[in-house]
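Numbering (the working numbering), first residue to last: 31 to 273.
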């Protein structure tokens, strides 16, 4: 029987009520609290700016680490913030913002970012999102060899190549002395595979990207936050926790 000591969760589309809303599933929040009360380290993993992730973590009542900026920054608590890269995508972001300004605009969170920068596709071009993403990806990765481009379905992210959600999660596991076989990762976007693949039990919520569902060990029967409740119930049952 596997004993889970660390559980990592994406936020948008995973802890929310669905993939098109930023409203948290409150039952999922309570399930996360219960998981932590029973001794499991809960890690929030996001491409959001770190202050957003840390603020959310604190206000919903969690004490575990938080990963922001697509893995570029880790918050451990108190004043301890660790960067997992020495590079910044800011110059590439400003370049793309000028070259593709008809199609994209900068996220309001960019003023709080240090390494990873986000672009949103203008509403009138959302039907061409993959085309626009592919064009930006080719342009950036050819011109800036140290930058990679990803698309979460919410935003296009420009991230230093030497970092990522998986690298950040592995650092947290090492710091806490957690073995891979003691971990579980849960998400909804193919971008989440970067950290989920580093865990023993790989979970996609029911409404996740098809590519992620194919890679996952487990696909929940329920979507987004309701799928999180489902998988946390299984963790607690297997760990024999009841508090």
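All C-beta atoms, glycine included, are put in the ideal place defined by N, C-alpha and C.
Since this is a predicted model, take the numbers as computed values, not measurements.
- Bridge partners of residue 190 according to DSSP: 177.
- The Cβ-Cβ distance between residue 101 and residue 198 falls below 8 Å.
- Looking at the DSSP output, residue 149 sits in a beta bridge with 136, 186.
- Checking the DSSP bridge columns, you'll see residue 119 has no partner listed.
- Among the bridge pairs identified by DSSP, residue 105 is matched with 96, 111.
- Residue 232 is bridged by DSSP to 215.
- Rounded to whole angstroms, the Cβ separation of residue 227 and residue 196 is 6 Å, and the two are in contact under 8 Å.
- In the same chain as residue 55, and ignoring 5 residues on each side of it, the C-beta atoms closer than 8 Å to its own belong to 45, 46, 47, 254, 255, 256, 258, 259, in chain order.
- Taking a contact to require three or more Cβ pairs closer than 8 Å, the segment 176-195 and the segment 117-124 qualify as touching.
- As the crow flies, the alpha-carbon of residue 69 is around 32 Å from that of residue 184.
- The segment 149-157 makes no contact with the segment 76-93; the number of CB pairs closer than 8 Å stays below 3.
- Within the same chain, Cβ atoms closer than 8 Å to the Cβ of residue 171 are found at 177, 178, 179, the five residues on either side in sequence being excluded.
- Sequence-distant Cβ neighbours of residue 43 in its own chain, meaning closer than 7 Å and more than five residues away, are 49, 218, 219, 254.
- Taking residue 41 as the centre and dropping the five residues before and after it, the same chain places the C-beta of 74, 75, 76, 78, 83, 86 closer than 8 Å to its C-beta, in chain order.
- Separation of the CB atoms of residue 261 and residue 35 is rounded to 15 Å, and the pair is thereby denied contact status at 8 Å.
- DSSP, read as helix, strand or coil, puts residue 42 in coil.
- A Cβ-Cβ separation of about 16 Å leaves residue 203 out of contact with residue 193 under the 8 Å criterion.
- The residue from 216, 229, 223 with its alpha-carbon nearest to that of residue 210 is 229.
- Taking C-beta separations shorter than 7 Å and ignoring five residues to either side along the sequence, the partners of residue 223 in its chain run 242, 245, following chain order.
- With distances taken between CA atoms, residue 124 lies nearest to 140 out of 140, 38, 252, 57.
- For residue 258, the three-state secondary structure derived from DSSP is helix.
- A Cβ-Cβ distance of about 4 Å is found for the pair residue 163 and residue 181, placing them in contact under the 8 Å criterion.
- Scanning the segment 50-93 from its first residue to its last, the whole beta strand (DSSP E) runs of 3-plus residues come out as 71-75.
- Judged by DSSP in its simplified three-state form, residue 248 adopts strand.
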